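K.L.:
Can you read through this structure? Questions will come right after.
There are 2 protein chains.
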Amino acid sequence: MATVEELKLRVRELENELIKCKQRRSSEEQVHGRAKIEKMSAEVVDSNPYSRLMALKRMGIVDNYEKIRSFAVAVVGVGGVGSVTAEMLARCGIGKPHQAGLSKVEAAEHTLRNINPDVVFETHNYNITTMDNFTHLMDRISNGGLEEGKPVDLVLSCVDNFEARMAINTACNELGQVWMESGVSENAVSGHIQLIIPGETACFACAPPLVVAASIDEKTLKKDGVCAASLPTTMGVVAGILVQNVLKYLLGFGTVSYYLGYNAMQDFFPTMAMKANPQCDDKHCRRQQEEYKSKETEHPKQEAVEEEEEVVVHEENEWGIELVSEVTEAELQAASGPEPDLPEGITIAYTIPEKEETSGQTVEETDRSLEELMAQMRKM
Amino acid sequence: MATVEELKLRVRELENELIKCKQRRSSEEQVHGRAKIEKMSAEVVDSNPYSRLMALKRMGIVDNYEKIRSFAVAVVGVGGVGSVTAEMLARCGIGKPHQAGLSKVEAAEHTLRNINPDVVFETHNYNITTMDNFTHLMDRISNGGLEEGKPVDLVLSCVDNFEARMAINTACNELGQVWMESGVSENAVSGHIQLIIPGETACFACAPPLVVAASIDEKTLKKDGVCAASLPTTMGVVAGILVQNVLKYLLGFGTVSYYLGYNAMQDFFPTMAMKANPQCDDKHCRRQQEEYKSKETEHPKQEAVEEEEEVVVHEENEWGIELVSEVTEAELQAASGPEPDLPEGITIAYTIPEKEETSGQTVEETDRSLEELMAQMRKM
């Protein structure tokens, strides 16, 4: 086993090698790209890439656009939505985005650095659902702010599977970290974004994931999961509404959406808000709810989520998986659990059976095993 | 002092970073770009960039996705919306996009050719509002299809000024060419797309341009037009809904939107449809209306625009410019002309005075000259 001294030596060696590698890269990179810009200005000259963003101040939309540079955002997942999301954040001049994801992370950083060299990038190329990486993710959320040691301002989930969403949810509940979830359906024609404020709004474990009904003929629904469809258009719209929500949340303008869906077949965009579930399976979510309640009692907030349309999720229910991903109305009606009262166009990935039934019994009532259902959830 | 665990974590981090640094250097040295692909396939292999698009067939969304290669689309304007639009078309595998616009056209072509070498590009770097260039634009719309001599399948307007929109409108009315208009407000927080089928739906000259109400305090409205604001997020959403509408129109799936607005402040997406105006100033529009009427009498269409929500534009009115671009409700109420019956969230760029008044008198009634008003329209 390595001693502390040996490890320290190895750290020093690696640090040196890394500095040399970065120096070589920066000298190679100087061919393309613009020079860094110290301060965001509203001056209207060709050399100023920020004039059209800073114009938002003169238009009275944003009080203090240059504040965007003081924020750090972690983007988890760099697939269709994540890569466009990170690019939009870079173009908007965000202070620092983290990117955690698999192999595409480096290519993304290179492209984005060329687009906006003023942004600080931090990339991690790993699967966040393994224990070590999960611990590292928690550490970077807590300490990876613009100033090292401070938390990031927002975490964005742009992952494409259920386990990764649950990992982000668990981390953010434990840390009390505000995050936004995004998703695109397997058939690429619906998607959504959702703001999750631990203790205040429903977390990813509080309720079955909400999805946008695609209103597609039932028999055309995909049954075997070889390769999900993907459309650059749907990815662009979902990334666009996600980063717009990020700007509104960070810079404090307009109305931040709690949930915004996109049904591309009908061009329908349902919205809603949902409170946290006091019976949530996640103990950190329940703790955050308690903390939020005491804070609310001390300093009542004017624009709390309670004032938004409230969705009734039957609190006496246990959780069980019934139906997955894009569900048709017929499937939803056939489900045994009670249905939450959702606005038109939003449905749930599965319903919740009555308390009398155990989750096991409920799963037996369907023709699918829990494993099959979970496997299908992963495709969501 | 650092513990063994902390040091091990640091070693892992540094090793990871060093690998990434080296990977980046080697990837930067490589020349990118893939070889052309003769035939779109649904095969799920890393080397096939079309598997996720072709999956739309298996999902039952699109009957014949590979047909996308048989279409040619002209993109006029390569600013914020136009460049993202052209990129999305290239990523979707369109057969051929034309791009007409100013200096950015070549740079865009180079980037897009790298993204998808299977697409045929044709670029024209000019201002379409001069007579020579307008004639050339007409010729390329009529003959620039995938097969030279055949017309393009669709024209997309991604321009940022009134004259250029009017030029496209004039050309498309004369040629009976279906086109889609797009626009983003000066304050960057609202936008829209619109499908124009000459003779069937309202053309750009049939009615005052429809814009999305931004619900912004009146006094914060921009009065002098130095530099319009621009947001990559709004551009991405508008380009996304535009190209999604293009795919639905060309490939025949979902519901094609006649008008879809985007209010980013409230995340509100109003829709509507509007019939052509029999008193339209454009004689080619009136001729197309006559032709459409006779065709309708011979072969009644099931899904004509008449079945959509209909907007009453008072047909006995002359045209006069009253208010421009983003207008507040107070301004709209103060306008002298009758207001068309529009859905919530959609308003008009100006209202139409009563027939008794001449346009001249109406303009005199406002504090602005026609030139000033036209100058402001150009910023729209």
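Each protein sequence line maps, in turn, to chains W and V. Residue numbering for the first sequence follows numbering that gives the first Met the number 0, beginning at 0 and increasing consecutively. Residue numbering for the second sequence follows numbering that gives the first Met the number 0, beginning at 0 and increasing consecutively. Heads up, the beta-carbon is just placed ideally off N, CA and C, and yes, glycines get one too. The model shown is predicted, which means the values in this text are computed figures rather than measured ones.
Please report the straight-line C-alpha distance between residue 314/W and residue 278/W, rounded to a whole angstrom.
P.N.:
Because residue 314/W sits at a pLDDT of 37, beneath the cut-off of 50, its placement in the model cannot be relied upon, and the point is left open.
K.L.:
Can you list, in chain order, the residues of its chain whose CB lies under 7 angstroms from that of residue 141/V, leaving out five sequence neighbours each side?
P.N.:
150, 174
K.L.:
The beta strand (DSSP E) with residue 98/V in it runs from where to where?
P.N.:
Its beta strand (DSSP E) spans residues 95-100.
K.L.:
Taking the C-alpha atoms as reference points, what is the distance between residue 284/W and residue 167/W?
P.N.:
13 angstroms
K.L.:
Return helix, strand or coil for residue 307/W, following the three-state DSSP convention.
P.N.:
Low confidence applies to residue 307/W: its pLDDT is 44, below 50, so where it sits in the model is not reliable enough to give any reading.
K.L.:
Does any C-beta atom of chain W lie closer than 8 angstroms to the C-beta of residue 133/V?
P.N.:
no
K.L.:
Apart from the five residues just before and just after residue 76/V, which ones in its own chain have a Cβ nearer than 8 angstroms to its Cβ?
P.N.:
99, 100, 156, 157, 158, 159, 163
K.L.:
For residue 329/V, does the three-state DSSP call read helix, strand or coil?
P.N.:
Caution is warranted here: a pLDDT of 46 is assigned to residue 329/V, below 50, making its placement in the model unreliable, and the coordinate value is therefore given only provisionally. Of the three classes helix, strand and coil, the one that applies to residue 329/V here is helix, per DSSP.
K.L.:
Quick check: the region 266-278 of chain V against the region 279-299 of chain W, are at least 3 beta-carbon pairs closer than 8 angstroms?
P.N.:
Contact check between the region 279-299 of chain W and the region 266-278 of chain V: fewer than three CB pairs, one atom from each, fall below 8 angstroms, which does not count as touching.
K.L.:
When you check each C-beta in the region 0-12 of chain W against every C-beta of chain B, which residues fall closer than 7 angstroms?
P.N.:
Chain labels in this structure do not include chain B; the protein chains are W and V.
K.L.:
Report the start-end ranges of each alpha helix (DSSP H) in the region 23-95 of chain W that is 4 residues or longer and not cut off at the edges.
P.N.:
Complete alpha helix (DSSP H) runs here, min 4: 50-57, 79-91.
K.L.:
Rounding to the nearest angstrom, what Cα-Cα distance links residue 192/W and residue 41/W in this structure?
P.N.:
31 angstroms
K.L.:
Going along chain V in order, which residues have a C-beta closer than 8 angstroms to the C-beta of residue 286/W?
P.N.:
By Cβ distance, chain V contributes nothing, its closest Cβ being about 26 angstroms from residue 286/W, past 8 angstroms.
K.L.:
Suppose only complete runs of 4+ residues qualify. What are the alpha helix (DSSP H) ranges in the region 154-215 of chain W, listed by chain order?
P.N.:
161-174
K.L.:
Considering only residues of the same chain and omitting the five flanking positions on each side of residue 116/W, which have a CB-CB separation below 7 angstroms?
P.N.:
32, 33, 35
K.L.:
Taking CB distances under 8 angstroms as the criterion, tell me whether residue 180/W reaches chain V.
P.N.:
False, the Cβ-Cβ gap to chain V never drops below 8 angstroms.
K.L.:
Closer than 8 angstroms between beta carbons: that is the criterion. Which residues of the region 161-180 of chain V meet it against chain W?
P.N.:
Under the 8 angstroms Cβ criterion, the region 161-180 of chain V contributes no residue.
K.L.:
Is any beta-carbon of chain V found at less than 8 angstroms from that of residue 307/W?
P.N.:
Model confidence at residue 307/W stands at a pLDDT of 44, short of 50, so the residue's coordinates are unreliable; what they give is reported in the following sentence. No - not a single Cβ of chain V is within 8 angstroms of the one on residue 307/W.
K.L.:
Where in the region 220-292 of chain V do unbroken runs of the beta strand (DSSP E), each at least 3 residues long, occur, reported from the N-terminal end onward?
P.N.:
Scanning the region 220-292 of chain V for uninterrupted beta strand (DSSP E) segments of 3 residues or longer gives 258-262, listed from N- to C-terminal end.
K.L.:
Is there a Cβ from chain W that is less than 8 angstroms from the Cβ of residue 268/V?
P.N.:
Cβ-Cβ to chain W under 8 angstroms: yes for residue 268/V.
K.L.:
Run through chain V and tell me which residues come within less than 9 angstroms of residue 273/W, C-beta to C-beta.
P.N.:
Within 9 angstroms Cβ-Cβ: nothing; residue 273/W doesn't reach chain V, min ~16 angstroms.
K.L.:
With 8 angstroms as the threshold, decide whether the Cβ of residue 66/W is near any Cβ in chain V.
P.N.:
no
K.L.:
Assign residue 282/W to one of two classes, buried (16 or more other C-beta atoms within 10 Å of its C-beta) or exposed (fewer than that).
P.N.:
exposed
K.L.:
At a Cβ threshold of 8 angstroms, is residue 51/V touching chain W?
P.N.:
yes
K.L.:
Quick check on the burial criterion: 16 or more other C-beta atoms within 10 angstroms. Buried or exposed for residue 234/V?
P.N.:
buried
K.L.:
Mind listing which residues of the region 185-197 of chain V have their C-beta closer than 8 angstroms to chain W's C-betas, in chain order?
P.N.:
Those residues of the region 185-197 of chain V placed with their C-beta closer than 8 angstroms to a C-beta in chain W are 185, 186, 187, 188, ordered along the chain.
K.L.:
Report the neighbours of residue 229/V on chain W: residues whose CB is nearer than 8 angstroms to its CB, in chain order.
P.N.:
51, 52, 54
K.L.:
Go ahead and pull the three-state DSSP assignment for residue 115/V.
P.N.:
The answer is coil: DSSP assigns residue 115/V none of H, G, I, E or B.
K.L.:
By the criterion of Cβ-Cβ separation under 8 angstroms, what are the contact partners of residue 254/W in chain V?
P.N.:
264, 265, 266
K.L.:
Give the secondary structure of residue 18/W by DSSP, where H, G and I count as helix, E and B as strand, and everything else as coil.
P.N.:
Residue 18/W carries a helical assignment under DSSP once its states are collapsed to helix, strand and coil.
K.L.:
Is the CB of residue 19/V under 8 angstroms away from at least one CB in chain W?
P.N.:
Chain W contact via Cβ: present.
K.L.:
For residue 123/V, which three-state DSSP category applies?
P.N.:
strand
K.L.:
Could you confirm whether any beta carbon from chain W is found closer than 8 angstroms to the beta carbon of residue 211/V?
P.N.:
Not a single CB atom of chain W sits nearer than 8 angstroms to the CB of residue 211/V.
K.L.:
I'd like to know if residue 90/W contacts chain V, where contact means its C-beta is closer than 8 angstroms to some C-beta of that chain.
P.N.:
yes
K.L.:
With the cut-off set at 8 angstroms, would you say residue 288/W and residue 198/W are in Cβ contact?
P.N.:
yes
K.L.:
For residue 8/W, does the count of other Cβ atoms within 10 angstroms reach 16, so buried, or fall short, so exposed?
P.N.:
So residue 8/W ends up on the exposed side.
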